[in-house]
Amino acid sequence: MNQKLNNLRAAMAKKGVAAYIIFNTDPHNDEYIPREYHIAAALTGFTGENATVVVTQDFAGVWTDGRFYISGEMELKGTEVTLMKTEQNALGIPYANYLAEHLHKGDRVGCDGQLVTDKLFQKIKSALAPKGITVDNSVDLTSTFWTDRPKPTFSDIYILDDKYAGRSAAEKIADLRKKNGSAYQVVTRLDEVAWLLNLRAADIDFCPLFRAFVVIGEKEAVLFVNNGRINGNIKAHLDKNGVTVRDYNDIYNYLRQLPDGAPVHIDHKSANSFIVSSVNPKCKITDAPSPVQNAKAVKNETELRNIRQALITDGVAMERFFYKLEQKLAANEPLTEMSLAKMLLEERKKGNGFISESFGCISAFNGHAAMPHYAPTDESDIPVNNNGVYLVDSGGQYYEGTTDITRTIATTKDGRFSDKFALDYTLVLQGHIELATAIFPEGTTGSQLDLLARINLWKYGKDFQHGTGHGVGYCLNCHEGPHRISSVHNTVALVPGMIVTDEPGIYIENEYGIRTENIVQVVKSEYDGYNKFDVLTLCHIDTRPIVREILTQTQIDFVNDYNERVFSTLSPYLDEEEKKYLRERTKAI
């Protein structure tokens, strides 16, 4: 019996709500959220990052996507909570559809308005209104079931020097004002706040961010941040860039007091419903994507130059890790998923400018690798031996940029596991190469390119249930928009200066998972009006499992050219034994 569910249901009855929705986010709609907002996990035990919980008096369910089906089934097995699977192209809002079907006219649904974007909140209201069901966003019942909820933690805020950022905060603010004219711009996403002001911190695990809002007007720029966090150095930086400071919670009153008739730009897809409803209703509110998101997605020349250096540093760490891994496997040394994740972190820590991991390391062996977002814990950790498939998806935060890379190896002595694995490995690699070598017209979106990564898998009746690529921040979030490569429709064109991952995969439940991931940069091609990708990540692609016979000559050339570039770039940073290892792993096929 889940006592937390019982406590919540009692509170729901007292509050007069027939259903309660928990959104797995924070007031800033960030992907990586502070521990005190892991509310869905605290109630249900489901730890996947994509989760929406719905509780009624006789039902509790978690809605999630294909990345978390396998892990979700394991975590929720034997509990009172049902795993509800959301397909990539599902119509409407599946949990709202469920409520519309199971609730009655006059019923009331409750949720915390700070933890749902205004756009989503309005969609839920619209979906339930025809059934006579209302939604109240002033209902926060977390304290009724999460009695040991962690307190917020606050880290030191620091300045990201212009030699890393490329442009000053004042220049970025001026660009925003030029774009918006006399309008106020409300900035709610933490990565946008950090990028705009050239400030970083460590409030959020893996992301160098701090809790804050920003409002930019024609003549004022205001940072809303907790009192006591702004020391003399940060204040001088803000003063120099024309930014004043107010307390974090003053944002709501500030928005209420904006001048009547003032134009206000706010992104309802990212701003929480309380923020939007706090704006003076006599203002002229425009719901539009934040221009900060687009500006930050197109890296400047300084950022791009630094990112390349970060990826050299990261590549050296990866190659040293793989050298040690293979040495330890050959010696039959005891290894586990967690010990390997720690070993890789130690290699990254040796790199210049290293700050932290950019996300929790996915160190997965055999069946665990079939869960795309598996992360080992003390309970799930298993030995890694020389008879299986090991997948590692990891990344680092550096002052020079953010990294994200995935490699898969067979841990057997010859690097092969089975004919089935070798075929799947090769099909994934083909998709990776087809996307990496694409040449495409200006204006092309990631959704138009997505099939390139899948078409070879489709020929064998195979596919993967996640996006193919995501933007990457600059010393910011590992996952960044507005662009992406996915079968889900996207209208944002890929333009030169954007960086994005290329990461097709395949997952065989209880057997293995395969994913190959590099970061690529959009650049102009040699053909007028066409763009292409430049591969930035540097770490060898293991050629031992490849079924050479099904590769085209172009694909073979890509593998050989890429691996040769990896060796020539990284070998000067390696010792002699590491260099010998890398030379062997980058031999032409």
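Basically our numbering = 1-based index in the sequence shown + 1086. From the three backbone atoms N, C-alpha and C, an ideal C-beta is built for every residue, glycine too.
Check	Outcome
Whole-angstrom distance between Val1652 and Gly1158, CA atom to CA atom	37 Å
Touching by the beta-carbon criterion (3+ pairs, under 8 Å), the region 1281-1295 and the region 1438-1445	yes
Length of the line joining the Cα atoms of Val1202 and Trp1544	36 Å
Rounded C-alpha distance that separates Met1170 from Arg1630	39 Å
Meets three-Cβ-pair contact criterion under 8 Å: the region 1234-1249 and the region 1306-1317	yes
Euclidean distance between Cα positions of Glu1306 and Gly1328	8 Å
C-beta neighbour in chain D for Arg1315, strict 8 Å	No chain D appears in this structure, which consists of one protein chain only.
Local Cβ density within 10 Å of Met1160, reported as buried at 16 or more and exposed below that	exposed
Residue(s) in a DSSP beta bridge with Thr1330	Val1308
Rounded Cβ spacing between Lys1610 and Ala1524 (contact assumed at less than 8 Å)	Not a contact, Cβ separation roughly 14 Å.
Bounding residues of the beta strand (DSSP E) (the contiguous stretch that carries His1606)	It is Val, not His, that sits at residue 1606 in the sequence shown. Asn1604 to Lys1610 is the span of the beta strand (DSSP E), which, as asked, contains Val1606.
4 or more residues per run - each alpha helix (DSSP H) lying fully within the region 1474-1513	none
Reference Thr1133, options Thr1142, Arg1121 and Val1574, closest by Cα	Arg1121
For Phe1526 and Tyr1616, believed in contact at Cβ under 8 Å, the rounded distance	6 Å
Leu1162 versus Val1300, Ala1126, Ile1371 and Gly1482, residue with shortest Cα-Cα distance	Ala1126
Segment contact, 8 Å Cβ cut-off, at least three pairs: the region 1341-1354 with the region 1363-1383	yes
Segment limits, alpha helix (DSSP H) that includes Met1098	Gln1089 to Lys1101
Sub-8 Å separation of Glu1423 and Val1475 beta-carbons	no
For Arg1570 and His1556, believed in contact at Cβ under 8 Å, the rounded distance	5 Å
Residue nearest to Asp1226 in terms of C-alpha spacing, selected from Val1578, Val1606 and Phe1109	Phe1109
Lys1618 in three-state terms, based on DSSP	strand
Ala1137 versus Arg1669 - alpha carbon distance	44 Å
Beta-carbon spacing of Trp1149, Leu1562 below 8 Å	no
Secondary structure of Pro1377, DSSP reduced to three states	helix
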